[in-house]
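Residue numbers 510 to 825, in our numbering, belong to the letters of the sequence shown in order.
The beta carbon of each residue, even a glycine, is placed where N, CA and C say it ideally should be.
If you're wondering where the values come from, they're calculated on a predicted model, not measured in any experiment.
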Amino acid sequence: MLKSKTIFTISVLAAAISLTACQPKDKEPQTPATQTTAASEIETALKLVGDTEKLQFELPECDGNACPELNIDRLQSNQAFIDDFIDQQIVKDLSQIIDISPMHSSSATEASSAVAASSEPAVVGQVLTPKLKLEKQVQPYLAAFLGLDQELKALSSNHQISLMIKPKILNAKDPLATVVLNTSSYLGGAHGSSSQHYYNFDLKQQKLVSLDDLLLPNQKAALNRVAHEAFRAWVVDSKLATNVDEYEQAWKFSLSNNYYLGTEGLILQYGEYEIGPYVVGLPRLTLGYDQLQKILKPEYLPKAKQSVQAASEAKS
Numbered sequence: 510m511l512k513s514k515t516i517f518t519i520s521v522l523a524a525a526i527s528l529t530a531c532q533p534k535d536k537e538p539q540t541p542a543t544q545t546t547a548a549s550e551i552e553t554a555l556k557l558v559g560d561t562e563k564l565q566f567e568l569p570e571c572d573g574n575a576c577p578e579l580n581i582d583r584l585q586s587n588q589a590f591i592d593d594f595i596d597q598q599i600v601k602d603l604s605q606i607i608d609i610s611p612m613h614s615s616s617a618t619e620a621s622s623a624v625a626a627s628s629e630p631a632v633v634g635q636v637l638t639p640k641l642k643l644e645k646q647v648q649p650y651l652a653a654f655l656g657l658d659q660e661l662k663a664l665s666s667n668h669q670i671s672l673m674i675k676p677k678i679l680n681a682k683d684p685l686a687t688v689v690l691n692t693s694s695y696l697g698g699a700h701g702s703s704s705q706h707y708y709n710f711d712l713k714q715q716k717l718v719s720l721d722d723l724l725l726p727n728q729k730a731a732l733n734r735v736a737h738e739a740f741r742a743w744v745v746d747s748k749l750a751t752n753v754d755e756y757e758q759a760w761k762f763s764l765s766n767n768y769y770l771g772t773e774g775l776i777l778q779y780g781e782y783e784i785g786p787y788v789v790g791l792p793r794l795t796l797g798y799d800q801l802q803k804i805l806k807p808e809y810l811p812k813a814k815q816s817v818q819a820a821s822e823a824k825s
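As structure tokens, this is what we get:
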């Protein structure tokens, strides 16, 4: 009898131990270090972090001071959708600088064949990375660029043609991440050409933000008035004319969609010959945030400006 009780007791204890071992363990609470890491990952995801990488091209051997120069960089960041967008803008800029549609000259055809022959072995067997993909898209423009160089040299011209495209991260986080694409070129004319295009992105929604997206409802006309006044002041301050109305007969004002949010205000960037002669370069107008309190959406105004505006409205 005692032996049976002993066996029964041991069996109950064994079953209890087995059930205890099978119970799921409570999740360990997150440590401060784990929480900090998670917060850091979220912050990084909502920040544009990266650098540029140079595209590689096979240029013909050349000695002297008249060798063609081609420098194109692409953006390599933690935001793939921005990298891809900027890559396509680089191709678009090239299409506006170099005409590849005819490819009619013998020099351009020869250059195209040479470029294809030199670049093909390097790509075979390689994964088509974004960099290689862009280099492939650029090849027709490279061929036309080298063809133009040959044509100029055939005319006994000593001009050194050049082309540079380079993106740069201007603002990395809220309210908008901004990338500026700088372009300059000299293709044998009277003078070179340059441009600056700003692209603004909402990292949370992963989309490009246009100038219209910044505005409160029905405020486009108000923005146009503020910008026009800034234009008139710029004409006088730059000593371009004493009579702005007469100046506008030649260089009429227009509202630029090329913008970025600066520390002092909304910056409107213009291109060559857009609102002035070549001598003024790439003019820009700064519209102070004080003038834009009821024009821009609150999220695009500096935090200090928002607080002042809210306090003012509360008193009124």
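Give a yes or no on contact between the region 688-701 and the region 725-733, applying the rule of three or more CB pairs nearer than 8 Å.
No: the two stretches stay apart, fewer than three of their Cβ pairs being nearer than 8 Å.
Cβ atoms of Y695 and S671: under 8 Å apart, would you say?
Taking the first residue of the sequence shown as 1, we reach residue 671 at position 162. Taking the first residue of the sequence shown as 1, we reach residue 695 at position 186. Yes; because the gap between Cβ atoms is below 8 Å, this pair is in contact.
Would you call the CB atoms of L801 and V735 closer than 8 Å?
Against the sequence shown, residue 801 aligns to sequence position 292. Against the sequence shown, residue 735 aligns to sequence position 226. The answer is yes: Cβ separation under 8 Å.
Can you find at least 3 beta carbon pairs, one from the region 580-594 and one from the region 744-762, that sit closer than 8 Å?
Contact fails: fewer than three Cβ-Cβ distances are below 8 Å.
For the beta strand (DSSP E) that contains H737, what are its first and last residues?
On the sequence shown, residue 737 is found 228 positions in, with the first residue counted as 1. It is not in any beta strand (DSSP E) - H737 instead sits in the alpha helix (DSSP H) that spans K729 to D746.
Express the C-alpha separation of E773 and Y809 in angstroms, rounding to a whole number.
As a position in the sequence shown, residue 809 is number 300, starting the count at 1. As a position in the sequence shown, residue 773 is number 264, starting the count at 1. Whole-angstrom Cα-Cα distance: 12 Å.
Exposed or buried, what is S604 when buried is set at 16 or more other beta-carbons lying within 10 Å of its beta-carbon?
Within the sequence shown, numbered from 1, the residue matching residue 604 stands at position 95. Looking at its Cβ environment, which holds fewer than 16 other Cβ atoms inside 10 Å, S604 is exposed.
Would you call K812 buried or exposed, if buried means 16 or more other Cβ atoms sit within 10 Å of its Cβ?
Numbered from its first residue, the sequence shown carries residue 812 at position 303. With fewer than 16 other CB atoms across the displayed protein chains lying within 10 angstroms of its CB, K812 is exposed.
Give the secondary structure of A686 by DSSP, where H, G and I count as helix, E and B as strand, and everything else as coil.
For the purposes of this step, residue 686 is taken as the residue at position 177 of the sequence shown. In this structure, A686 counts as strand in the three-state DSSP scheme.
G774 in three-state terms, based on DSSP
The residue given as residue 774 occupies position 265 in the sequence shown. Looking at G774 - three-state DSSP - the assignment turns out to be strand.
Indicate the three-state DSSP secondary structure (helix, strand or coil) for E562 in the structure shown.
What you label residue 562 is simply residue 53 of the sequence shown in a count that begins at 1. E562: strand per DSSP, three-state reduction.
Status (buried if at least 16 other CB within 10 Å, exposed otherwise) for A663:
The sequence position of residue 663 within the sequence shown is 154, counting from 1. It is exposed - the Cβ of A663 has fewer than 16 other Cβ atoms within 10 Å.
So, are the CB atoms of L564 and L643 less than 8 Å apart?
If you number the sequence shown from 1, residue 564 lands on position 55. If you number the sequence shown from 1, residue 643 lands on position 134. Going by C-beta atoms, L564 is nearer than 8 Å to L643.
Reference L796; option with closest CA among L749, G780 and E738:
Counted from its first residue, the sequence shown places residue 796 at position 287. Checked all of L749, G780 and E738; the closest Cα to L796 is E738.
With DSSP collapsed to three states, give me the class of F762.
By one-based count along the sequence shown, residue 762 stands at place 253. The DSSP-derived three-state label of F762 is coil.
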